[in-house]
Every structure is written in structure tokens, then in C-alpha cells.
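Below is one structure, written out as C-alpha cells; the observations come after it.
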Amino acid sequence: MTTSARVLGDALVRLWGLSSHDRIARQLQRAGGVPLLTASEPTHDSVVLLRGDHVYDDRVVAALVRTPGVLLRAGGADGAVVAAHVPGHLVARAEAVVGGAAAPDGLPGLRPATPESLVPAYQEQLRKLEPAFVRPITPETRRALEDRLFAGAYKGVTDLVTKWVWPRPARWATRRCASAGIRANHVTVLGASLALVAGVLFAVGEYGAGLAIGWIMTFLDTVDGKLARVTVSSSRFGHLLDHGTDIVHPPLWYVAWGLGLAGLTPAGRAPALGLTLAVIVVGYVVGRLVEGAFFLWLGGFSIFAWRRIDSYCRLVTARRNPNLLLLTAGAVGGRPDLGLVAVAVWTAVSSAVLLVRLGLATHARATSGPLRPWLAEADGRDRASLSVRLFGGLVAER
126 MTTSARVLGD ALVRLWGLSS HDRIARQLQR AGGVPLLTAS EPTHDSVVLL RGDHVYDDRV
186 VAALVRTPGV LLRAGGADGA VVAAHVPGHL VARAEAVVGG AAAPDGLPGL RPATPESLVP
246 AYQEQLRKLE PAFVRPITPE TRRALEDRLF AGAYKGVTDL VTKWVWPRPA RWATRRCASA
306 GIRANHVTVL GASLALVAGV LFAVGEYGAG LAIGWIMTFL DTVDGKLARV TVSSSRFGHL
366 LDHGTDIVHP PLWYVAWGLG LAGLTPAGRA PALGLTLAVI VVGYVVGRLV EGAFFLWLGG
426 FSIFAWRRID SYCRLVTARR NPNLLLLTAG AVGGRPDLGL VAVAVWTAVS SAVLLVRLGL
486 ATHARATSGP LRPWLAEADG RDRASLSVRL FGGLVAER
């Protein structure tokens, strides 16, 4: 069965530089390459109809594409009809209903749905709770809708810098990039280039300049993902470059930092420099292998989303940003060697904790069956807890 789509009407207001029509077209492409037809083009066997004066959660569009025979209402069971997925022979009547010119009684056999009933609140990719939404677009709500889309692009479980330091400046930078037509891939390429520059500066002992460039790179690493999501412009190239850079550059930075230390004096200043670097690199590889093993063989999701304690550990575990804080403290204190030693110690501790968690997860999987993320099991009472408020990423209604 071939599915196509039509957008009824449009909004004069752009969100993150995109018209409603363009945003929906991109969402449909991501949802399986569904073609967006004009009113004069013939429809296919199955047609998704959406109102152009509303903004749709990406998950809602994807769910509509996968769910024929549904009539979507916004704002509860008595809300306005904002979308439908209907057989081709019902398109004319369905357009009248979705466009607000007719009552839905003339569409028998369609299952009523809301965004919340169509899409689970838990987002596995972003590791957070966020009810799906559909909202009308007006000039008065533009900024609130942009904030909602940006908040929706942010991970719930992440490190402390990304979670609490970068959101406000990243939102400002994302807005400037969207207004200037700068794409997420441009930011990703710039970030990868700065990662290389920072590594070279570390290797020659220019720690101050290297840290400045390094922190800018980590900031851009936040901006590119948010820009891609709010403009619905993720690409395979950008994804591979971003994740490839994220995986490769941290251990190279630590080795480069060690090379810079070795150049300070003939013998280097860091105690047992070779051992320190070995602990960091081996610990980093072990940590990544543990995460991969959990995902592939045990949970099918991030180990940091398994239990609440794992999400708390993710705030400070020995990944790039927490480690960069240690290196920065060492450099500011005039002892970059001790900063590297601190990274080695923290990497060893973090990797040991991950190994223990992997062992516990293996036992739980063998004795209790499939594992599930703790946020996916949060009920109404849990959603008021500190853990859910910290990691759930729930967006307050405005």
C-alpha cells in the first residue's frame, strides 16, 4: 500500500526559520519518505492529512504514517480534529473534517486518537519523558512553540555540563544559526575541525588556548544536534561525523595532553605518564565496550537509562565534559599534570562502576527477564519525584 500526504492550509509564522509546510514535508520524509502532494495531484491508496496551521511533534507525524484509519484530535477527546490517515476514497470528506468545514460523523470506521494515545511519553533516543504534542501556530505563541521544540530536542539523561550549563546559550546560538541559514552539518564540521585544533594545542603544551577551543567545540557539539532536530534536518553524513568525532577525539585529547606534558621537561612532569595515559585509554575503551554490550545484548537501550542510579552516574561519569572540567582545574591551578592524573583516576573508577552495573544487569536479565528503562516505567506518582524532574525532561505547559 502506497501512502502520500497533503497539508491543508499554512501558517504565516515560521518556527526556527521553517514554514509549517516545509517542516511537515521534512517530517514526512523522515517518517518513511512519504511524498507531500498538492491539491491537484492524485492521491495514493492511503493518505495522511495534516493542518498547516499547527506544529506537530515528530513522533506524531511518524505514528500517523504508520497508523491507517485514525482521526487525530488535539487537546483531548473533545479537541479539534487536526490530522487523519484515511483510505484514498475518503480523502475529500476527510479534508473537510480536518479543515474544520464538516463534522467527523461522516467518516465512519476511523479510530479517534490524541497525541498522547498515539505516542508513548518515553523517548528512548533522547532518554526522557515528554508527552507528544500538537499545537496551533500563532504570532503570540511563536516563541513558546520554539522553546517547546528546543526543549524537546534535548536529552534527559546526559552529563552535568550539557544539562545545566549549555541549554540557555545553546538555544541562543541555535536561534542565530537557524535565522542565518546555517545548517547543522556546518556546525558539526566546524566542531570536528576545532577538536583537531584543540588536540594540536594540547600536544604542544598550549593548554589555555587548547581548553578555550575545546570548550567551544563541546558547546558546538550541543548546538549541532539541537539545530538538526528543531529544523528537522538530520542527515546520515552529519550523524556519522558527529558520533565518529564524539567517539574518537576524547582519548586523542588525553594523549595529546600527555605529549604536551612530556614536552615541558625532558622527563615530563606527570608521575608515570605512560601508565597514566594507559589507564585513561584502556578505561575509556572498557567504558564504551560496556555500553555497547549492554545495548546489544541486554537492554537495547543505554545503560545510563536502566536505573535511576545509572542516570545520576551519567552526570559525572568519565566522559569528555566531566574530564575536561578536571583538566581545566589542573591547568588553572598550574598543575596540568595532576589534571591528567585526576582524569586517569576518575576514568578507572567510572569504568569499574560500569563493569559492576553490567554484571548486575546480566544477572537481572537472566533471572527477571527483559530490562526496561526506569523512566519508561514511571507512573503518575513517580513523575513528581526529584529523579523524574531531573532526568525526565518533562516540558511544562505554558
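When we follow the numbering used here, the leftmost residue of the sequence shown carries the number 126, and every step to the right adds one. Glycine included, each C-beta is placed from N, C-alpha and C at the ideal position. Computed from a predicted model, the values in this text were never measured in an experiment.
Q. Given 8 angstroms as the limit, is there contact between the stretch 405-419 and the stretch 366-382, that is, 3 or more CB pairs closer than that?
A. yes
Q.
I'd like the list of long-range same chain contacts for Leu274, defined as Cβ closer than 7 angstroms, with 5 residues on each side in sequence excluded.
A. The beta carbon of Leu274 sits closer than 7 angstroms to those of Leu140, Trp141, Val355, all from its chain and outside the five residues before and after it, given in chain order.
Q. Can you name, in chain order, every residue of its own chain whose Cβ lies under 7 angstroms from the Cβ of Thr442, other than the five neighbours on each side?
A. Ser475
**Q.** Segment contact flag, the stretch 207-220 with the stretch 165-175, C-beta cutoff 8 angstroms, min 3 pairs
**A.** yes
Q) Hey, Asn446 and Thr287 are a contact pair by Cβ (cut 8 angstroms); roughly how many whole angstroms apart? A) Indeed they touch by this definition, with Cβ atoms about 6 angstroms apart.
Q. To which residues of the same chain is Ala464 closer than 7 angstroms at the C-beta, ignoring the five residues directly before and after it?
A. At residue 464 the sequence reads Gly, which differs from the Ala that was named. Within the same chain, Gly464 has close Cβ partners Leu451, Leu452, Ala454, Gly455, Ala456.
Q. Out of Trp382, Arg176, Gly277, Leu235, which has the shortest C-alpha to C-alpha gap to Ala334?
A. Trp382
(Q) Please give the ranges of any alpha helix (DSSP H) in the stretch 419-463, keeping only runs that are unbroken, at least 4 residues long and fully inside the region. (A) The stretch 419-463 contains these whole alpha helix (DSSP H) runs: 433-441, 445-457.
Q: Would you grab the beta carbon distance between Leu440 and Asp284 for me? Rounded to a whole angstrom, and I think it's under 8 angstroms.
A: 6 angstroms
(Q) Since Asp90 and Phe258 should fall inside the 8 angstroms C-beta cutoff, what is the C-beta to C-beta distance between them, to a whole number of angstroms? (A) There is no way to answer for residue 90, as the model of the chain reaches only from 126 to 523.
(Q) If you reduce the DSSP assignment to three classes, tell me which class Ala210 lands in. (A) With the sequence shown as reference, residue 210 is identified as His, and Ala is not the correct amino acid for it. Strand, per DSSP.
Q) Which two residues bound the contiguous alpha helix (DSSP H) that contains Ala397? A) Counting along the chain, Ala397 falls outside any alpha helix (DSSP H), and DSSP gives it neither H nor E.
Q. Pro212: beta carbon under 7 angstroms from a heavy atom of the ligand NAD?
A. The model on display carries no ligand, and the ligand NAD is accordingly not part of it.
Q | Euclidean distance between Cα positions of Ala227 and Ala221 | A | 5 angstroms
Q) Is the distance from the Cβ of Val186 to the Cβ of Gln154 below 8 angstroms? A) The answer is no: Cβ separation not under 8 angstroms.
Q.
Considering only the alpha carbon of each residue, which of Arg184, Leu137, Gly330, Ala353 lies closest to Pro256?
A. Arg184
Q. To the nearest angstrom, how far is it from the Cα of Asp435 to the Cα of Glu416?
A. For Asp435 and Glu416, the distance between alpha carbons rounds to 12 angstroms.
**Q.** Thr128 (DSSP reduced to helix, strand or coil)
**A.** strand
**Q.** Gln250 burial status per 10 Å Cβ neighbour count (16 or more: buried)
**A.** The residue in question, Gln250, is exposed, as its Cβ has fewer than 16 Cβ neighbours within 10 Å.
Q) For Val244, which three-state DSSP category applies? A) Here Val244 sits in coil by DSSP.
Q: Under the assumption that Leu480 contacts Phe419 (Cβ atoms under 8 angstroms), give the Cβ distance between them as a whole number of angstroms.
A: That belief does not hold up - the Cβ atoms of Leu480 and Phe419 are roughly 11 angstroms apart, past 8 angstroms.
Q.
Let's see if you can read the secondary structure: which residues bound the alpha helix (DSSP H) around Pro294?
A. DSSP places Pro294 in the uninterrupted alpha helix (DSSP H) bounded by 292-305.
**Q.** Sufficient close CB pairs (3 or more, under 8 angstroms) joining the stretch 188-207 to the stretch 226-245
**A.** Because the criterion of three Cβ pairs below 8 angstroms is met, the stretch 188-207 and the stretch 226-245 touch.
**Q.** For Trp499 and Trp297, the rounded distance between their alpha carbons
**A.** So the two alpha carbons sit approximately 32 angstroms from each other.
Q: Under the assumption that Val138 contacts Thr263 (Cβ atoms under 8 angstroms), give the Cβ distance between them as a whole number of angstroms.
A: About 7 angstroms separates the two Cβ atoms, so the contact holds.
**Q.** Buried/exposed call for Trp422, threshold 16 Cβ in 10 Å
**A.** That one is exposed.
Q. What is the residue span of the alpha helix (DSSP H) that Ser318 lies within?
A. 309-328
Q: Assuming Cys302 contacts Leu352 (C-beta within less than 8 angstroms), just tell me the rounded distance between them.
A: 5 angstroms
Q. How should Val206 be labelled, buried or exposed, when 16 other C-beta atoms within 10 angstroms of its C-beta is the threshold for buried?
A. buried
Q. Helix or strand or just coil, what does DSSP make of His374?
A. helix
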